[in-house]
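Residue numbers (mature numbering (1 follows the signal peptide of the UniProt record, and there is no 0)): -22 to -1, 1 to 371.
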């Protein structure tokens, strides 16, 4: 089993605390896996400049999240590869695989995009990408299939930290460098079983959603919270941050009901039931954008035109609602493309035997209608879709 050196950093005390087939370069669909993404890395050349996350992301932004084991977050701005390090990696003919918990949303596609583009700059071939579709059994099978391809690197987000631990343990014992997104398998230790885990500042994004909600409501009102009813570290952080911020900073805002979702498609039914029981609901926080789209449908059905909704993740559905000046008034956005960049960099650290921090976080981003287009560019490394631009106009 590989041993990794851990980088121990100290800093300010932080507040306590997921979100088919693509072709590879030569067009061989079978060599890639079962994720329906179209990312062209044909024109990406080995980097001759340092590889780092987008410098336009606020490097001074405070990061509030702690890691899965209470680690102080290291900003993703602090990890990078020099041209000399990239050259060394590119000469090794390394391969990588990606195992997603779910690949059917904007967040996952941006994450994969960031990983693939950065690995291409490092001369690392991505040989497979899989989508577990939120199934523990499928992810375990995916990992077994990926191991048969003998990748040097596996970047993954566990569907469930307990139930998938055995599959990841086999990968670690096979000598595969493991880099995790957001969540870590149960019983895994940084520096021993995996290289690092990279996340957004989910606690910070929860604070963003709470403060935007409070501003829109003028500091008073009755609201509901839709949370993720699962053992998932980062979604729990978001809800904790939202609720604590409301309770501590806005005493005239009352959380009148909480409802849990097990699957993304549960958003509409949970929101509908909550609205039925609370006719005077002023606002609703939904833990991420996909169930938030269901909550928007429930609000429209109930005729609640003035219901204020905030959420996490800048998906196309909630962005369009915001552009149309409807229910979505604020979003605490992750930066999944740059999260993927950071994960690829840390995989490079493992190959080089370079010290790696155990927990890395990308700063939170506050999104409102006023900065929607600029935020989209930061989040996805591309211009917003024309439908969103037209809705703003």
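Ideal placement from N, C-alpha and C gives every residue a C-beta, glycine not left out.
message: Given this structure, state the Cα-to-Cα distance separating residue 258 from residue 128, to the nearest angstrom.
response: 57 Å
- prompt: Thinking C-beta only, is residue 83 closer than 8 Å to residue 308?
  reply: no
- prompt: Who are the Cβ neighbours of residue 195 in its own chain at under 7 Å, not counting the five residues just before and after it?
  reply: 231, 260, 261 and 286
message: If you reduce the DSSP assignment to three classes, tell me which class residue 93 lands in.
response: helix
message: How far does the alpha helix (DSSP H) with residue 319 in it extend, from its first residue to its last?
response: 314 to 330
- prompt: Could one say the Cβ of residue 316 lies closer than 8 Å to chain B's Cβ atoms, at least one of them?
  reply: Any reference to chain B falls outside this structure, which holds one protein chain only.
- prompt: Are residue 306 and residue 249 closer than 8 Å when you measure CB to CB?
  reply: no
query: How is residue 14 classed by DSSP in three states: helix, strand or coil?
result: Note that residue 14 scores a pLDDT of 47, beneath 50, so its modelled location is shaky; the value from the coordinates is reported in the next line. If DSSP states are grouped into helix, strand and coil, residue 14 belongs with coil.
message: Which residue wins for smallest C-alpha separation from residue 337, given the options 71, 173, 108 and 153?
response: 173
field: Cβ-Cβ separation, residue 124 to residue 86 (assumed contact under 8 Å), whole Å
entry: Contact flag wrong, Cβ pair sits at about 17 Å.
message: residue 43 and residue 51 - do their beta-carbons sit closer together than 8 Å?
response: yes
Entirely enclosed alpha helix (DSSP H) segments - the region 251 to 321, minimum 4 residues: 267 to 280 and 294 to 301
message: Tell me which residues share the same chain as residue 116 and place their Cβ nearer than 6 Å to its Cβ, disregarding the 5 neighbours each side in the sequence.
response: 110
message: Which residue marks the beginning of the alpha helix (DSSP H) containing residue 146, and which one marks its end?
response: 143 to 151
- request: Specify the secondary structure class of residue 100 as computed by DSSP and reduced to three states.
  value: coil
- prompt: By a C-beta neighbour count over all protein chains shown, 10 Å radius and 16 as the cutoff for buried, is residue 176 buried or exposed?
  reply: buried
- prompt: Beta carbon of residue 377, beta carbon of residue 330: below 8 Å?
  reply: This structure leaves residue 377 out entirely; the chain is present only between -22 and 371.
message: Starting from residue 353, trace the alpha helix (DSSP H) in both directions and tell me its first and last residue.
response: 350 to 358
query: Comparing alpha-carbon positions, which option in 266, 303, 199 and 181 lies nearest residue 256?
result: 199
query: alpha helix (DSSP H) containing residue 177: first to last residue?
result: Premise fails: residue 177 lies in the beta strand (DSSP E), 174 to 178, not in any alpha helix (DSSP H).
Residue 140 burial status per 10 Å Cβ neighbour count (16 or more: buried): exposed
task: Just list the alpha helix (DSSP H) runs in the region 35 to 100, keeping only unbroken ones of 4 residues or longer that don't cross its boundaries, in chain order.
output: 61 to 68 and 84 to 99
- prompt: Expressed to the nearest angstrom, what Euclidean distance is found between the alpha-carbon atoms of residue 26 and residue 63?
  reply: 10 Å
query: What number of angstroms, rounded off, separates the C-alpha of residue 296 from the C-alpha of residue 288?
result: 9 Å
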